[in-house]
Amino acid sequence: MSNKVILVLLDGLAYETAQQCMGFTQGLVEQSPTKKCRATLYKLQCELPSMSRPLYEAILTGVAPADSGIVHNHIIRNSNQQSIFSLARRAGLSTAAAAYHWVSELYNRSPYDALRDRFTDDPEQLIQYGIFYHQDSYPDSHLYLDAEWLRRHHDPDFLLVHPMNIDDAGHRAGLDSAHYRNTARHSDTYLSEYLLTWIDAGYQILITADHGMNGDKSHGGTLAEERDVPLYVIGERFSHDPDAAPRQLELCGTLCELLGIEGHMKPVATALLNQGLNQGLNKGLNQGLNKGLNR
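For the sequence shown, numbering that gives the first Met the number 0 gives the first residue as 0, with consecutive numbering after it.
So this is what it looks like as structure tokens:
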């Protein structure tokens, strides 16, 4: 068990599709409470508009689109909010992301230049180590390999893993299609190759989505299938309280708590966390850090 955290952001995955098609991940939900690799599934309602770039910002900063100014997908600029990346860097933690290039534009350099930014190894950036892609059809199997390469080579404290194929399938075939459902199944299979390794290494893991999908092969509105998304939490530092009711804007603050970041001022889904365990672990880590700094 450690303060290291992995956030898996499955772009475009609707809650019911996750429940029905994410077979391996759902299997972890069915594990006994005494099992180390137990997961708990919650239903989140995404912020509005239910679009990708605004919701990347909402998840990673805890700020709603109307307040962040990232209100649609075509706003190409750096975020002006404190994000999980900036807060982690301020706390001396290391960061990495295998993600769509919009994440690079929000938190590193904008606009994205593939030759410059696709492979990022720059300790001065908010996302220090990155493998970014710019085609929606970039295979999820490759994306998970990218993420695992970053984890093994850079051992980041916070790692974002962001595959796009589920969203791409929804735009091609719609919510109620074999293509969309089977793409979710395939992504779950690829993810299963790494989850147990991450669990055994002591990572606290969150698996969620930015938004869902509708029958019109799109999203952006208020339909339940567009707004209801899954949140799986895996790790001993979670309470696994079935009555917890987390909000999407609480994810950034919850990540901060898991990483041991103090003074972040972000809303936190406190019911998700094992409070006694988190307080004891973070106190010990902070004391160790302070001793090291004072030597």
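The beta-carbon is built from N, C-alpha and C at its ideal position, and this holds for glycine as well.
Computed from a predicted structure; not experimentally measured.
Residue i, buried or exposed, once every other Cβ within 10 Å from all chains shown has been counted against 16
i, result
"Lys265", "buried"
"Leu59", "buried"
"Glu261", "exposed"
"Ile83", "buried"
"Glu296", "The requested residue 296 does not occur in the structure, where the chain is confined to residues 0 to 294."
"Asn79", "exposed"
"Thr24", "buried"
"Asn181", "exposed"
"Asp139", "buried"
"Arg294", "Confidence at Arg294 is low in this model, with a pLDDT of 43, below 50, so its placement is unreliable and the value that follows should be read with caution. Arg294 is exposed by the Cβ-count criterion."
Residue i in three-state terms, based on DSSP
i, result
"Asn77", "coil"
"Tyr189", "helix"
"Leu230", "strand"
"Tyr99", "strand"
"Arg294", "Any reading at Arg294 needs caution, since the residue's pLDDT is 43, under 50, leaving its predicted position unreliable; the model's value is listed next. Coil, per DSSP."
"Asp135", "coil"
"Asp116", "helix"
"Tyr143", "helix"
"Thr296", "It is not possible to answer for residue 296, since the shown part of the chain is limited to 0 through 294."
Rounded Cβ spacing between residue i and residue j (contact assumed at less than 8 Å)
i, j, result
"Asp66", "Asp166", "That pair is no contact at about 24 Å."
"Leu248", "Glu46", "7 Å"
"Ile5", "Ile204", "5 Å"
"Pro48", "His71", "7 Å"
"Leu258", "Asp145", "The pair is not a contact, with the Cβ atoms about 22 Å apart (cut-off 8 Å)."
Pairwise C-alpha distance: residue j and residue i
i, j, result
"Leu8", "Arg52", "12 Å"
"Val232", "Glu225", "21 Å"
"Ala208", "Val228", "6 Å"
"Arg76", "Lys34", "44 Å"
"Val160", "Leu194", "12 Å"
"His239", "Gln19", "20 Å"
"Met163", "Gln274", "33 Å"
**Unbroken stretches of the beta strand (DSSP E), 3 residues or longer, contained in the stretch 155 to 180** = 157 to 160
**Item:** Inside the stretch 2 to 83 only - alpha helix (DSSP H) runs reaching at least 4 residues
**Value:** Correct list: 14 to 20, 22 to 28, 51 to 60 and 64 to 67.
**Request:** Go through the stretch 199 to 272 residue by residue and report every complete run of the beta strand (DSSP E) that reaches 3 residues or more, in order.
**Result:** 203 to 207 and 227 to 233
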